[in-house]
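Numbering (my numbering), first residue to last: 83 to 272. A short worksheet on the structure shown next.
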């Protein structure tokens, strides 16, 4: 596996003093723009906030649950939206796939630039729609935090403990099949 993929993880303990340049932030968003897109529709749109600007502050105001405790320490927040066409189930589905691909590429570009990316669903979608006057044919699905992990010694215990948990995934034998569902495609490696 490529080291960018292997080293990608979703931190919560960001350094609130770390910043991101406009150039690096633009490069990360541009990586999302260049993600594969079904039928050349290019439905993915971005609302970009850099810590200290009004967009960032407004995005912070939409955070819910536990995200409000750590995400404001990020250097940037990017609201990722895609088309909302429930009357066209194929476009509706693949627009969401396109968004997922864009978020993945942005996350990897962030790692390549020395940052960390953390995708979140814990934000108030309706508040984001109101705050940014997002058209009714668009749906915000992911809020992506971009930051620099902090020195673990500076973090609250709860965040440090979550960030220090070992990363794990189901074994490949439980998620990749051949012949029929449930028959491992590659044997028993993890």
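Don't be surprised by glycine CBs; every beta carbon is placed ideally from N, CA and C.
What residues in its chain sit with their C-beta under 7 Å from that of residue i, if we drop five residues either side in the sequence?
i, result
"residue 262", "none"
"residue 154", "142"
"residue 207", "222"
"residue 98", "155"
Going along the chain, which residues of its own chain have a beta-carbon closer than 6 Å to the beta-carbon of residue i, five neighbours each way excluded?
i, result
"residue 223", "181"
"residue 23", "A query on residue 23 cannot be resolved here, the shown segment of the chain reaching from 83 to 272 and no further."
"residue 129", "161 and 214"
"residue 234", "242"
"residue 114", "184, 187 and 188"
"residue 195", "106"
"residue 177", "125, 164 and 165"
Check whether chain B comes within 8 Å of residue i, counting only Cβ atoms and requiring the distance to be less than that.
i, result
"residue 251", "The structure shown contains no chain B; it holds only a single protein chain."
Which same chain residues, not among the five before or five after residue i, have their C-beta less than 8 Å away from its C-beta?
i, result
"residue 197", "102, 106, 110, 157, 228, 229 and 230"
"residue 209", "143 and 144"
"residue 212", "none"
"residue 249", "91"
Where does residue i fall in DSSP's three states?
i, result
"residue 117", "coil"
"residue 223", "strand"
"residue 241", "helix"
"residue 234", "helix"
"residue 228", "strand"
"residue 259", "strand"
"residue 272", "In this prediction, residue 272 scores a pLDDT of 48, lower than 50, which makes its location untrustworthy; no coordinate-derived value is stated."
Using 8 Å for Cβ pairs, my map puts residue i next to residue j. What's the rounded Cβ distance?
i, j, result
"residue 86", "residue 162", "Not confirmed; about 19 Å, so no contact."
"residue 80", "residue 242", "One cannot answer for residue 80 here, as it falls past the ends of the chain, which runs 83 to 272."
Is residue i close to the ligand SAM? I mean its beta-carbon at under 7 Å from any heavy atom of the ligand.
i, result
"residue 237", "No copy of the ligand SAM appears in this structure; indeed no ligand is present at all."
(message) Between the segment 188-201 and the segment 87-99, can you find at least three pairs of beta-carbon atoms closer than 8 Å?
(response) yes
(message) For a minimum of 4 consecutive residues, which ranges assigned as the alpha helix (DSSP H) are wholly contained in the segment 127-206?
(response) 136-142, 149-152 and 171-194
(message) Count Cβ pairs between the segment 124-144 and the segment 164-182 that sit closer than 8 Å; are there 3 or more?
(response) yes
(request) Could you tell me whether the segment 160-175 touches the segment 210-224, using the rule of 3 or more Cβ pairs below 8 Å? (result) yes
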